[in-house]
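Residue numbers (the numbering used here), protein chains in the order written: chain A, 51 to 475; chain B, 51 to 475. Where a beta carbon is used, it is the ideal one built from N, C-alpha and C, also for glycine. Treat the numbers as computed from the prediction; the structure is a model and nothing was measured.
2 protein chains.
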Amino acid sequence: MALIVHKYGGTSMGSTERIRSVAQRVAKWVRAGHQLVVVPSAMSGETNRLLGLAKELAPPSASADSQRELDAIAATGEQVSVGLLALALQAQGVPAISYAGWQVPIATDSSYTKARIRSIDDTRVRADLAAGKVVIITGFQGIDDQGHVTTLGRGGSDTSAVAVAAAMKADECLIYTDVDGVYTTDPRIVPEARRLASISFEEMLEMASLGSKVLQIRSVEFAGKYRVPLRVLSSFTPWDIPVEEECRSGTLITFEEDEKMEQAVVSGIAFNRDEAKITVMGVPDKPGIAYQILGPVADANIDVDVIIQNVSHDGRTDFSFTVNRGDYARTLDLLKNTVLPATGAAQVMGDPKICKVSIVGIGMRSHVGVASKMFRTLSEEGINIQMITTSEIKTSVVIDEKYMELAVRALHKAFDLDEGAVAAE
Amino acid sequence: MALIVHKYGGTSMGSTERIRSVAQRVAKWVRAGHQLVVVPSAMSGETNRLLGLAKELAPPSASADSQRELDAIAATGEQVSVGLLALALQAQGVPAISYAGWQVPIATDSSYTKARIRSIDDTRVRADLAAGKVVIITGFQGIDDQGHVTTLGRGGSDTSAVAVAAAMKADECLIYTDVDGVYTTDPRIVPEARRLASISFEEMLEMASLGSKVLQIRSVEFAGKYRVPLRVLSSFTPWDIPVEEECRSGTLITFEEDEKMEQAVVSGIAFNRDEAKITVMGVPDKPGIAYQILGPVADANIDVDVIIQNVSHDGRTDFSFTVNRGDYARTLDLLKNTVLPATGAAQVMGDPKICKVSIVGIGMRSHVGVASKMFRTLSEEGINIQMITTSEIKTSVVIDEKYMELAVRALHKAFDLDEGAVAAE
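Put into structure tokens, the structure is as follows:
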């Protein structure tokens, strides 16, 4: 008997018919002798519907008070889906009980709309499991120490599932979604993209953070930190395929990278067009300047991704970074009103129409020339590179948004991903 | 400065436009210098939508486990509407905060789908009021001592509002609804029906319990028990009419009956077609038999309304009562399977196609002949009376459902309610 966490996305929960199918799949796992904790998302479209209603009524500028209400409203989507799934399981003759995040409780900080999980009390869940029940827990949400409902931000249900798996020391966390695994890149852009049977935790982290959208990045971080065995698989396989077969499907996120070292140099091409570029020009080049610029940005709860600072001329340098496109206007305002006067920088400029394309692969560590091959490929396509960053397992470039598809297709082909020369396939 | 509780029904909260109008009305009261606690229902149609989804998935026979899930699902309707109203108030520049029942907390027993409020902790609400905020609390729900979400049953938001008003010792509780007050009877059946400017608590209790549907009966009981000044009024008057004018509209439920004693004998005609009649025939007439029959019914959480037991013949009698039509089949089964064998009664019969029509009036206490006038009126219309019960301020008859409209119209006319000879008008 293993303790298994299942996570189902909004599409998998998209109708009563689909919820019934999820219940049948979960019931199958129970009958195979396992203890199940299930973390479903809201029914697809529901979170958008709720936030749409809220947007019609909310004050034009967000405050902590209004974000608190947004979270309370948005959190109801999952509160409905857990109840529905519990009923569907009971109808299958499987004892089940649902909990909202506040009931578990899943304790978070108070950063409304993007809260972070602090701790999960598993007492109640364990008691129910011991009593033979399937426990269904809302994704996406928790409760802060003041008793306010918080949400973890979009895609937060993945994080909830992995956090629950970590807290419960689950044997495996299965993320059921509407894709059947992690691909070398998005098949909608490159039809030749191939599913990876496994991917290292670090590669997955890069793929997720760069926009592969299969898993929320924080869920991958959590999985890595607590070594939660994680599998991404499709919820659209017939519910009654044998449990053993399901265990081999999808993509396994592994922590044993050694066995893959000799394999493909590049595992996949990731991309992200949800970012915007901001440059602070003519920054006095002196110690502490990066903190002076990014400190206020971080304090405003704005996530920064790529950060570039090049060598200076005449004691001044340009400092560039990217933020989520939704934070673009707010970040520009913040810089103009507070950072510019404080630092004595000359000017703030920005461009929201950019995208980031990255090549990702553990193999890169031991292979030279991977980055230059990437730059050559883009050059041959006439694509100008605006920013470059590198890490041990990825190389990212920021380019004009309109070249994104072209860049991804060219790189996918250049790194032989079309051919099936893919790690662990 | 007064502490005022507003309650808004589902129709008043039926769209973002209407919620905005509710916010404007509440803001007007705040600007007039009052402290406001608002208890809104779910947006109209929402509770039905949620329960409809649940019904598609739920096991065919209800259990405590499945009812727990139903409550958790249904309770989200109000959790959305409180958040939306808080946002709409914030957009008006009025500080506001919303709470779900579990956050207040509103403590209830564990009778899922028909829980009863045990206590309300007003600490948090008072602190927010003192901080200048409008506090918005979900109607219809609470939390039991195990931390499970419970609902109070249909119309429970009225009860929540009155209970909050009682706990806070509010100066007045205004129930905004889609009718503009309490009428001598339902104007859809009798176009000549007239609005009552005031009605005694006891009359209101009878009118509500008998199906006037303006207020949930438990809310009236609560109001009476804690002497909460209660006004039923329309939420469809323009939101910007002066507060003083709003205070004179609708129908006030009074506790000072003396001043009305000399007035009309009958204040209104109530009716209810949501009941079903059940008769246990040939019951041995011995002490304890009523309890033997109704004890198991009450244990099954089935509400009983009219109860009739007449004199016996040959040591046996017939025992009749009415239940909600939704409990009809369940009650029949219960009686056949457990009560019949236990009591030695001969047979159980029932009829779901009945209705109850009542004349209600404080004046009845001091006037003879009111009941006989009622019976004569029905007789003249050729309507057969199946059951009769009387109390100090009402006389009710159970008749064939198909005669309901006819009976109500005839009685409304016979007691001069058409003519405007109405208490306190």
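What are the boundary residues of the alpha helix (DSSP H) that includes residue i?
i        : result
A/ALA68  : One detail in the question is off: residue 68 of chain A reads as Arg in this sequence, not Ala. Per DSSP, A/ARG68 belongs to the alpha helix (DSSP H) from 66 to 81.
A/LYS463 : 454 to 464
B/SER422 : 420 to 430
B/MET63  : Note, B/MET63: premise wrong, no alpha helix (DSSP H); not H, not E.
B/GLY274 : 267 to 276
A/ASP383 : 378 to 384
A/LEU390 : 390 to 393
Is residue i close to chain A, meaning its C-beta is less than 8 Å from at least one C-beta of that chain?
i        : result
B/THR126 : yes
B/ARG75  : no
B/GLU312 : Residue placement at B/GLU312 is poorly supported in this model, since its pLDDT is 46, which falls under 50; the coordinates are not used for a value here.
B/GLU296 : no
B/GLU119 : yes
B/SER148 : yes
B/GLN140 : yes
B/PRO402 : no
B/PRO145 : yes
With a CB to CB cut of under 8 Å and the five nearest residues on each side skipped, what residues in its chain are close to residue i?
i        : result
B/GLU455 : ILE239
B/ASP194 : ALA157, THR158, ASP159, SER160, ALA165 and THR200
B/TRP79  : ILE54, HIS56, LEU86 and VAL293
A/GLU96  : GLY60, GLY127, VAL130 and SER131
What residues in its chain sit with their C-beta under 7 Å from that of residue i, if we drop five residues either side in the sequence?
i        : result
B/TYR453 : ILE433
B/ALA82  : VAL293
B/THR440 : ALA421
B/GLY394 : PRO334
Are the C-beta of residue i and some C-beta of chain B separated by less than 8 Å?
i        : result
A/LEU137 : yes
A/PRO90  : no
Mind pulling the chain A residues with CB within less than 7 Å of residue i?
i        : result
B/LEU134 : LEU103, ALA104, LEU107 and ILE123
B/GLY197 : GLN153
B/ILE69  : LEU107
Considering just the uninterrupted stretch of the beta strand (DSSP E) at residue i, what are its terminal residues?
i        : result
A/SER116 : Here A/SER116 belongs to no beta strand (DSSP E); instead the alpha helix (DSSP H) covers 114 to 124.
B/PRO90  : 85 to 90
A/VAL55  : 53 to 58
B/THR445 : 444 to 450
A/ILE412 : It is not in any beta strand (DSSP E) - A/ILE412 carries neither H nor E in the DSSP assignment.
A/THR439 : 435 to 440
A/VAL264 : No beta strand (DSSP E) contains A/VAL264, which DSSP labels as neither H nor E.
A/GLY400 : 397 to 401
So residue i contacts chain A; which residues on that side make the cut at Cβ distance below 8 Å?
i        : result
B/VAL333 : What B/VAL333 touches in chain A: nothing, since even the nearest Cβ is about 38 Å away.
B/VAL293 : Within 8 Å Cβ-Cβ: nothing; B/VAL293 doesn't reach chain A, min ~23 Å.
B/THR66  : LEU103, GLU106 and LEU107
Just to confirm my understanding: we take residue i, look at its own chain, exclude 5 residues before and 5 after, and list those with CB closer than 6 Å. What are they?
i        : result
A/ILE438 : VAL447
B/TRP289 : SER71, GLN74 and ARG75
A/GLY365 : ASP335
B/MET311 : A caution first: B/MET311 carries a pLDDT of 42, below 50, which makes its placement in the model unreliable, though a value can still be read off. Excluding positions up to five away in sequence, the list is empty.
A/GLY182 : PRO145
A/ALA77  : GLN142 and VAL144
A/MET424 : ILE409 and THR445
B/GLU403 : With the sequence shown as reference, residue 403 of chain B is identified as Lys, and Glu is not the correct amino acid for it. So the qualifying residues of the chain are GLU451.
B/SER131 : MET63, PRO90, ALA92 and MET93
A/ILE357 : PHE371
Who are the neighbours of residue i on chain B, taking C-beta pairs under 7 Å?
i        : result
A/ALA181 : Chain B residues near A/ALA181: none, gap ~11 Å exceeds 7 Å.
Mind pulling the chain B residues with CB within less than 8 Å of residue i?
i        : result
A/VAL130 : LEU100, LEU103, ILE123 and THR126
Is residue i near the ligand NAD - that is, is its Cβ less than 7 Å away from at least one heavy atom of it?
i        : result
A/VAL361 : Ligands are entirely absent from the displayed structure, and the ligand NAD is therefore not among its contents.
I want to verify the contact list: residues of chain B whose CB lies under 9 Å from the CB of residue i, in sequence order.
i        : result
A/SER116 : ALA136, LEU137, GLN140 and ALA141
Quiz prompt | Any alpha helix (DSSP H) of 4 or more consecutive residues that is wholly inside the segment 292 to 371 of chain B | solution = Taking only runs of at least 4 residues, the alpha helix (DSSP H) segments lying wholly in the segment 292 to 371 of chain B are 293 to 298 and 339 to 349.
Quiz prompt | Residue ranges of each beta strand (DSSP E) within the segment 101 to 183 of chain A, 3 or longer | solution = Restricting attention to beta strand (DSSP E) runs no shorter than 3 residues, the segment 101 to 183 of chain A encloses them at 146 to 149, 156 to 158 and 167 to 170, ordered along the chain.
Quiz prompt | Contained beta strand (DSSP E) runs [length at least 3] in the segment 188 to 253 of chain A, N- to C-terminal order | solution = Correct list: 191 to 193, 199 to 201, 222 to 227 and 248 to 250.
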